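Report on the following structure.
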Amino acid sequence: MIEINGVTAQPPPRPGQCLRTYLREQGNVEVKKGCDAGDCGACSVLVDGAPVHSCVFPAHQAVGHSVTTVSGLGSDGELHPMAAQFVAAQGFQCGFCTAGMVVTASTFEPADLDELGRKLRGNLCRCTGYRAIEDAIRGVVNTQTDAAGVSTGRSVPAPASCRIVAGTEPFTLDLTVPGLLHAKLLRSPHAHARVLSIDTAAALAVPGVVTVLTHEDSPDVLFSTARHENRLDDIDDSRVFDTVMRFVGQRVAAVIAESVAAAEEGCRRLTVVYEVLPAVFDPELTRDPAAPKVHGEKGSETRMIDGRHNIAAELHSEIGDVAAGFAQAAIVIENTYHTQRVQHAHLETHAAVGWHDPDGRIVVRTSSQVPFLVRDELCHIFGLDRSQLRVLAARVGGGFGAKQELLTEDVVTLGVLKTGRPVQLEFTRTEQFIGTPSRHPMRIAVRIGATAAGELTAIRLDVLANTGAYGNHAIGVMFHGCNESITVYRCPNKKVDAAAVYTHTLPAGAFRGYGLGQVIFGIESTMDEVARALAIDPFELRRRNVVRPGDPMLSTTPEPHDVRYGSHGVDDCLDAVAAALARGNDALAPTGPHWQIGTGMALAMIDTIPPRGHFAHASVTADADGSFTVRVGSAEFGNGSATVHVQIAATVLEVPVDRIRLLPSDTDVVEHDTGAYGSTGVSVAGRAVLHAAEDLRAKMLVSAGSLPVVGSGRDDGRGRSVAFNVQGFRVAVNSETGEIVVLHSVQGADAGFVMNPAQCRGQVEGGVVQALGAALYEEMRMDETGRITTDTLRTYHIPQFADAPRTEVYFAATADALGPFGAKSMSESPFNPVAPALTNAVRDATGLRFTELPMTRDRVWRALAARGQSVTAGEGE
Amino acid sequence: MDLNTITEVLLAADRADLADPRPGDAFLAGGTGLFGAPADHLRRLIDLTAFDWPALTVTEAGVEIAATCTVAELCALELPEQWPARALIGQCCDSLLASFKIWNRGTVGGNLCIGYPAGPMISLAAALDGIALVWTPDGGEYRIPVADFVIGDTVTVLKPGEVLRSMSLPAAALTGRTAFRTLALAALGRSSAVIIARRAEAETTLCLTASTNRPYVLRLAQPPADLTGLIDSVVRGDWVDDIYGAADWRRQITLVLAAQVLAEVWA
Chain A
46 MIEINGVTAQ
56 PPPRPGQCLR
66 TYLREQGNVE
76 VKKGCDAGDC
86 GACSVLVDGA
96 PVHSCVFPAH
106 QAVGHSVTTV
116 SGLGSDGELH
126 PMAAQFVAAQ
136 GFQCGFCTAG
146 MVVTASTFEP
156 ADLDELGRKL
166 RGNLCRCTGY
176 RAIEDAIRGV
186 VNTQTDAAGV
196 STGRSVPAPA
206 SCRIVAGTEP
216 FTLDLTVPGL
226 LHAKLLRSPH
236 AHARVLSIDT
246 AAALAVPGVV
256 TVLTHEDSPD
266 VLFSTARHEN
276 RLDDIDDSRV
286 FDTVMRFVGQ
296 RVAAVIAESV
306 AAAEEGCRRL
316 TVVYEVLPAV
326 FDPELTRDPA
336 APKVHGEKGS
346 ETRMIDGRHN
356 IAAELHSEIG
366 DVAAGFAQAA
376 IVIENTYHTQ
386 RVQHAHLETH
396 AAVGWHDPDG
406 RIVVRTSSQV
416 PFLVRDELCH
426 IFGLDRSQLR
436 VLAARVGGGF
446 GAKQELLTED
456 VVTLGVLKTG
466 RPVQLEFTRT
476 EQFIGTPSRH
486 PMRIAVRIGA
496 TAAGELTAIR
506 LDVLANTGAY
516 GNHAIGVMFH
526 GCNESITVYR
536 CPNKKVDAAA
546 VYTHTLPAGA
556 FRGYGLGQVI
566 FGIESTMDEV
576 ARALAIDPFE
586 LRRRNVVRPG
596 DPMLSTTPEP
606 HDVRYGSHGV
616 DDCLDAVAAA
626 LARGNDALAP
636 TGPHWQIGTG
646 MALAMIDTIP
656 PRGHFAHASV
666 TADADGSFTV
676 RVGSAEFGNG
686 SATVHVQIAA
696 TVLEVPVDRI
706 RLLPSDTDVV
716 EHDTGAYGST
726 GVSVAGRAVL
736 HAAEDLRAKM
746 LVSAGSLPVV
756 GSGRDDGRGR
766 SVAFNVQGFR
776 VAVNSETGEI
786 VVLHSVQGAD
796 AGFVMNPAQC
806 RGQVEGGVVQ
816 ALGAALYEEM
826 RMDETGRITT
836 DTLRTYHIPQ
846 FADAPRTEVY
856 FAATADALGP
866 FGAKSMSESP
876 FNPVAPALTN
886 AVRDATGLRF
896 TELPMTRDRV
906 WRALAARGQS
916 VTAGEGE
Chain B
926 MDLNTITEVL
936 LAADRADLAD
946 PRPGDAFLAG
956 GTGLFGAPAD
966 HLRRLIDLTA
976 FDWPALTVTE
986 AGVEIAATCT
996 VAELCALELP
1006 EQWPARALIG
1016 QCCDSLLASF
1026 KIWNRGTVGG
1036 NLCIGYPAGP
1046 MISLAAALDG
1056 IALVWTPDGG
1066 EYRIPVADFV
1076 IGDTVTVLKP
1086 GEVLRSMSLP
1096 AAALTGRTAF
1106 RTLALAALGR
1116 SSAVIIARRA
1126 EAETTLCLTA
1136 STNRPYVLRL
1146 AQPPADLTGL
1156 IDSVVRGDWV
1166 DDIYGAADWR
1176 RQITLVLAAQ
1186 VLAEVWA
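And the structure:
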């Protein structure tokens, strides 16, 4: 017997079962799975009062002991004081790590506050950048109260706050489904192979196995796992189950069974005969006519550019005359940069569960940023009508773009269709690394010419993106990467050649910044060299060249897109960061002959709404109890949009936020929503909520009290403006060990009117720390067979508390003419200037230009050693 | 994570329970290692915690640490002042990659038996002339220096069915003055090098771990004229080369940290 939160659980644990799954099977779904390997701490519980990671705790060893989960911490219906502190500080974004954070921090003594880096090395958060978590543990209050009609602009807490800190806010799989079956995927061991046969007999003989899904069950429909408003924006090159394997880790088949254990055993007993085929891994070689073809049999009907040359997407453009521009230039700087393969590492893995509702419809509950687009594509794949399918997302445990894909829902739908029973598919942390899309690795060649006065005369950009085995997001990431990165500068001559190519490697997909982070790394590194060559202050170089209202915003087409200057806060950002770096902070630089100090900065611009259509529908209902219900399709995944939607409705309806209920991210609640990507939660979905609330207010004036009154609103995403981010760093670099210490981190953010300052600050801080992970530590490595070897959170190091510097955040004093209440998007973009600002600072410190990421200590030391030791700052000019 | 191929857990409380080793067996203590990675080849867990061995036994001869002693128990151990090398215990525990919550369950024996280059209990024992006591399935036992117990990256001398019973730190080693350095690719990342010096009357011990595939213990009567040459001649290229640091950098930081710890104990 195991006592759980004071209640005795009777069932004996299974041999080999860990405490985490035992607790969840007893209904304690507040205990989360982040890594299932002891690294992330999302599953933390107390056993006899001592904190442990329940995923690596043998359940049988808990027999006779008492377990306390986050839900058992409080008493008499009151939150535990530490849980209450997490509400007051808003020490979370998506909230998936929060249960483990609160449990862990609940055990801290006052002396532990001096050792938070050490005490929290077993608690990973991918959203916040840890500052808000530190605030929570120290009892800092970051929230503000609101009053009727004055909600926007105030740091009101997220509506789900109290449930998140108590563990009662349900995420995707935090529900009980009677009769549930579990699916497990068999994945390809070969980078390129044809499946000749799959013998399922031994698998089907395993007790508990219900069925096996193979290519024979798969509809003969090509689609893209990437989801956009217009399905024709992506390449149709994927099947539910294919007979050709194009990367190590691709699905071969699924076993569906009464338990995860039986499904796993079934997978082990599948006998697959492969014809192993030659593979190409190198994006530089894949366009060679002799290279093995990834999709050689497919044609332009799939919208890929050239399957016979492994080209998924291509872009060639020139505006002005680049050759003439370089001829005019006083200096020309040219360099080639490489960015690595990076994983999102959202703490909630991809997961979906599906069942038939009483009306016979299939319901799919999924961890998705785009439930409506998932529904539409499932209809396309399986030949269903929209009326036959409902897709919803509960609170989503982090996404960063990874959940703008269809990765689990098709298997679940196929499983429900074939078995008639509820089916769940939950990815392991290792499956996240080996089987789900990463960020696009890129090679970025940049050539910039400038006059002696620092006016840009020409920009030449040559980009090669490795989209891996499938073209999901290949087109969009390539175009977006080459757009705002060069639009930001007023320069008459711009030439771009870009390609996204197929290789037999893990597919790449949408990742925070959507290509901009990679290309901006190249552009802003080169701009730094331009400033150095001309002896112009790097801030001043940006001021002289940045586009300003009146300038056409041009990148690859001679005519501007539909983006307007709804506001323009770049000067505020530049000035704030320059002033903060000049002012310095109280961080003491390490001393000694091997330490060198430097500063660096970089600029990024982003369109506030994606191109080619982004739609949101919303309704607001006046309820009989005097409260209001907001229905909106957009999903909350740590972006804070749920908070803002409530604030908007409350402000328009002149009530406090606690009178607003929110029903989000469900195809049943509104007609349509493109989804939570492109940082549109405020700029598009927020506008729809605004219109709906205004519509309701108008109707209530004339309805004379007869309920219910419903207001409705829509937004078509046409209010596209621009936002800026400027990052500055001061760093110390050790030439003897390669260590880089961030002494000062500053970001200026042009968010327009800031709807919720605490939340928006958190988005910036989280973006900076996630980007520092990609700049300093993170790299997905692949072996000679094409297998990803960094397949756990132990081997793939994401920033932990001790790695995360605090970032000073300064908001530009702007109000956007196009955004709701003057607000702009501010979720993806804080990531984008970070890596070049850091490499520019390291350049300033050491004289060395790092053109490849990440700048791990071993690489930094090696580069400095190869160059020769003891270069002091300034000598590298 | 669930180890779904396990069909039996044997709570071993008697040596007879260890006499029948089978393919697919694994010895279990706290589970933080075993339950942290897939292990489809396993069928039976033999839970050693049922032996209820005393975690720590301190005598004039030194400290005996049961294999099932948790890292947290070891870290909380208070030793007499005349054993200044006791400082290494906290330093080594703290260099464990894992959280203090893992310390509450993870064991000294588990850290030794997994045999990672960065196993800090290996560093501790190798630097303090620790001796491992191994039980053999036939009821016998043998002792071996921990520095020789780990023979490669995740490779130990243990043969199937053999159980690490304990590790002893002799009093003579605990009387030395020590210096400790570690470095990783991140502030609190998995150690890329753990370098320890211990100065006794007659000689100084320099212990290289984490950066090398197995521990290397150098005995120095006096400061070497050429520390780099000496270390290279002992390690002979056996540097770890993996995601936690490239071999050339591991060698570099080993040389840097070795010079620092020797300077500290010789100051």
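Keeping their order, the protein sequence lines are chains A and B. Taken in order, the first sequence gives residues 46 to 922; the numbers are from the numbering used here. Taken in order, the second sequence gives residues 926 to 1192; the numbers are from the numbering used here. Glycine is no exception: its CB is placed at the ideal position from the N, C-alpha and C atoms. These numbers were taken from a predicted model, which means no experiment stands behind them.
Trp1174/B belongs to the set of residues whose beta carbon lies under 8 Å from a beta carbon in chain A. The Cβ atoms of Thr381/A and Thr891/A lie no closer than 8 Å to each other. DSSP assignment within the stretch 419-482 of chain A yields the following whole alpha helix (DSSP H) runs of 4 residues or more, N-terminal first: 454-464 and 474-480.
Contact fails between the stretch 767-777 of chain A and the stretch 100-112 of chain A, because fewer than three Cβ pairs, one in each stretch, are under 8 Å apart. Residue pairing by DSSP places Trp1060/B opposite Glu1066/B and Val1088/B in a beta bridge.
In this model, Arg313/A and Pro252/A are separated by some 13 Å (Cα to Cα).
No Cβ-Cβ contact shorter than 8 Å links His717/A with His659/A. Rounded to the nearest angstrom, the gap between the Cα atoms of Asn355/A and Val813/A is 35 Å.
The stretch 1072-1085 of chain B makes no contact with the stretch 1101-1120 of chain B, as fewer than three CB pairs between them are under 8 Å. Beta-bridge annotation (DSSP): Trp1164/B is paired with Thr1137/B. Note on the stretch 771-837 of chain A: whole alpha helix (DSSP H) runs with a minimum of 4 residues are 802-821, in chain order.
Under the three-state reduction of DSSP, Asp278/A is assigned to helix. According to DSSP, residue pairing for Ala663/A in a beta bridge involves Val677/A and Gly758/A. Below the 9 Å Cβ cutoff, chain B contributes Met926, Asp927, Leu928, Gly956 and Phe960 as neighbours of Cys63/A, in chain order. Listed by position along chain A, the residues whose Cβ is nearer than 7 Å to that of Ile1056/B form an empty set, because the closest Cβ is around 29 Å away. Residue contact with chain A for Ser1136/B: absent (no Cβ-Cβ distance below 8 Å to any residue of chain A). Each residue's CA atom was taken as its position, placing Pro865/A and Leu315/A some 54 Å apart. Of the residues Ile350/A, Asp279/A, Asn275/A and Thr725/A, the one whose Cα lies closest to the Cα of Ser269/A is Asp279/A. From the beta-carbon of Glu933/B, the residues of chain A found nearer than 8 Å are Pro60. Bounds of any alpha helix (DSSP H) do not take in Pro844/A, whose DSSP letter is neither H nor E.
Beta-carbon to beta-carbon, Gly513/A and Thr475/A are separated by about 18 Å, too far to satisfy the 8 Å threshold.
For chain B, the residues of the stretch 76-91 of chain A that bring a beta carbon within less than 7 Å of one of its beta carbons are Asp81, Ala82, Gly83, Gly86 and Ser89, in chain order.
The beta carbon of Phe960/B sits closer than 7 Å to those of Met926 and Leu928, all from its chain and outside the five residues before and after it, given in chain order. As computed with DSSP, Val1080/B is found in a beta bridge with Gly1077/B.
Gly162/A: member of the alpha helix (DSSP H) spanning Leu161 to Lys164, first to last residue. Ala975/B sits in a helix when the DSSP states are folded into three classes. Against Glu309/A, the close residues of chain B are Asn929, in the order they occur along the chain (beta-carbon pairs closer than 7 Å). CA-to-CA, the gap between Ile990/B and Leu909/A works out to about 44 Å. With respect to chain B, the C-beta atom of Ala144/A has no partner C-beta closer than 8 Å. Take the alpha-carbon of Pro215/A and the one of Val715/A: they are about 21 Å apart.
The straight-line gap separating the alpha-carbon atoms of His395/A and Ala545/A is approximately 25 Å.
Runs of the alpha helix (DSSP H) lying entirely within the stretch 511-563 of chain A, each at least 4 residues long, are 519-526 and 529-532 in chain order. Close to Thr974/B, with beta-carbon spacing below 8 Å, are these residues of chain A in chain order: Gln106. Separation of the CB atoms of Asp191/A and Ala134/A is rounded to 17 Å, and the pair is thereby denied contact status at 8 Å. If you check each beta-carbon in the stretch 1022-1040 of chain B against every beta-carbon of chain A, the ones closer than 9 Å belong to Leu1022, Ala1023, Ser1024, Phe1025, Lys1026, Ile1027, Asn1029, Arg1030 and Gly1031. Contact annotation: the stretch 684-699 of chain A does not touch the stretch 622-631 of chain A, with fewer than three C-beta pairs closer than 8 Å.
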